[in-house]
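Asks: One structure is given below, represented as structure tokens, and several questions about it will come after.
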Ligand code: SF4
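In our numbering, the protein residues as written are 76 to 284.
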């Protein structure tokens, strides 16, 4: 059984694949926050800007098999076989993703990406792994395609991850009332630490999901 908060077709707005059309498959639930506002102050991760509680969003629901869920995802792709791309996100998708789901999505022609907080193991067959570490957690995924650090976070300095085994290193300013200040700081960090590239949340500027 897979619990899905929502499914939609959009443009990837952040990180390495910015601008790429993608189906977003948002899994319900996270291991660092319940998703309830009344629990935010006591959560491990407190800056979340995503609704992932429940299965009541557009394209959400419970799916009893990996093939059913892959068929559901396929209905969101336009009438083309080109560059089919699904981003598995959350919540924390690693709570639910398994080898069978990855196989079914790939069997439907999709390149499968995951956006994870890195605290849980994931199926090794996922095509694109993006880890976004959160402060005060034990990150077990220290290799992958893309490391995306949201700043500022108390207890995190991006260069503490600089020797991890990723192909791309991104800094992303936290979306908060201080977003402009966070963006300026992130820009400054990239300019002085050129290993790091700036990731902006383009979808928020565009007003798309
Ligand atoms: S780890 Fe990600 S999904 Fe979970 S609470 Fe933090 S930002 Fe939200």
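Positions of the beta carbon are idealized from the N, C-alpha and C atoms, including for glycine.
Thinking C-beta only, is residue 104 closer than 8 Å to residue 78?
Replies: Contact: yes.
Asks: So residue 247 is in the beta strand (DSSP E); what residue range does that whole segment cover?
Replies: 240 to 248
Asks: Kindly indicate which residue of 130, 96, 98 has the alpha-carbon position closest to the one of residue 76.
Replies: 130
Asks: On the DSSP letters alone, give me the boundaries of the beta strand (DSSP E) that residue 221 sits inside.
Replies: 218 to 226
Asks: In angstroms with no decimal places, state the Cα-to-Cα distance between residue 207 and residue 155.
Replies: Taking C-alpha positions only, residue 207 is separated from residue 155 by approximately 31 Å.
Asks: Tell me whether residue 283 is buried or exposed, calling it buried when 16 or more other Cβ atoms sit within 10 Å of its Cβ.
Replies: exposed
Asks: Once the 5 residues before and after residue 215 are set aside, which same chain residues still bring their CB inside 8 Å of it?
Replies: 193, 194, 195, 196
Asks: Find out if the Cβ-Cβ distance for the pair residue 277, residue 93 is shorter than 8 Å.
Replies: yes
Asks: Kindly examine the ligand SF4 and report whether one of its heavy atoms sits closer than 7 Å to the Cβ of residue 163.
Replies: no
Asks: Where does residue 163 sit, in a helix, a strand or coil, going by DSSP?
Replies: strand
Asks: Measure the CB-CB distance between residue 210 and residue 231 and report whether it falls below 8 Å.
Replies: yes
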